[in-house]
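Peer 1:
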Amino acid sequence: MSKTWSLILVVAFSLGYGVKAYLDAQQEVTAQSAQQKADMPMVTGEGGKEVALFHPEDPRINVLYFGFTRCPDVCPTSLAMLSAALKQVDEETLNKIRPIFITLDPERDSGADSDTYAKYFHPNFEAMPPMPIRLRH
């Protein structure tokens, strides 16, 4: 009888220790995930909402372009080159790319202007709204 109780005690102790180790590991993974989310670069989006520029759950490659809608020569030329490159890739590859236009002149570039300007070069462009950019890292 003593051996049976000893065996039950050892099994119960081992099982309890295993459950505790598992729960501790899960808690550590959750803490690491929260820290990674806090470390993501963010910009202030529409209505003051923060938008993650790089999100682990979004597998697309982000191509950021910082410019002005009233830029006379450099911005349109650069965006035309980027647009030409996007038009050369196949549809499957294009779906893996997220081109983002971020205005550097939020006082003169409205949200609609930025979006229209960016989409003129390629329909896949996303435009960040014209708010003072607050990069958080």
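First residue of the sequence shown: 1, per UniProt numbering; consecutive thereafter. Note that the Cβ used here is the ideal one computed from N, Cα and C, for glycine as well.
Going by other Cβ atoms of all chains shown within 10 Å of its Cβ, with 16 needed for buried, is Asp115 buried or exposed?
Peer 2: buried
Peer 1: Leaving out five residues on either side along the sequence, give the residues of the same chain with a beta carbon under 6 Å from the beta carbon of Asp105.
Peer 2: Sequence-distant Cβ neighbours of Asp105 in its own chain, meaning closer than 6 Å and more than five residues away, are Phe68.
Peer 1: I need the boundaries of the beta strand (DSSP E) containing Val63, first residue and last residue.
Peer 2: 61-67
Peer 1: I need the DSSP call for Ile133, collapsed to helix, strand or coil.
Peer 2: Its pLDDT being 49, under 50, Ile133 is placed unreliably by the model, and the measurement read from it follows with that caveat. Reduced to three states, the DSSP call for Ile133 is coil.
Peer 1: Flag this pair as yes or no: are the beta carbons of Arg98 and Glu126 separated by less than 8 Å?
Peer 2: yes
Peer 1: Tell me whether Pro106 sits in a helix, a strand or coil according to DSSP, three-state version.
Peer 2: coil
Peer 1: Can you give me the start and stop residues for the beta strand (DSSP E) that Glu126 sits inside?
Peer 2: 126-128
Peer 1: Secondary structure at Pro99, three-state DSSP: helix, strand or coil?
Peer 2: strand
Peer 1: Return the chain-ordered list of same chain residues with a C-beta closer than 7 Å to the C-beta of Glu92, the five sequence neighbours on each side being excluded.
Peer 2: none
Peer 1: Measure the beta-carbon distance from Asn124 to Leu86 and round it to whole angstroms, keeping in mind my assumption that it falls under 8 Å.
Peer 2: 7 Å
Peer 1: By Cβ distance below 6 Å, which residues in the same chain neighbour Tyr117 in space, the five residues on each side in sequence not counted?
Peer 2: Thr69
Peer 1: To the nearest whole angstrom, what separates the beta carbons of His53 and Phe121, a pair I think is in contact under 8 Å?
Peer 2: First, the amino acid is wrong: residue 53 is Leu here, not His. Leu53 to Phe121, Cβ: 19 Å. No contact.
Peer 1: Just how far apart, CA to CA, sit Ser110 and Asp24?
Peer 2: Rounded to whole angstroms, Ser110 and Asp24 show a C-alpha spacing of 49 Å.
Peer 1: Pick helix, strand or coil for Val89, following the three-state DSSP scheme.
Peer 2: coil
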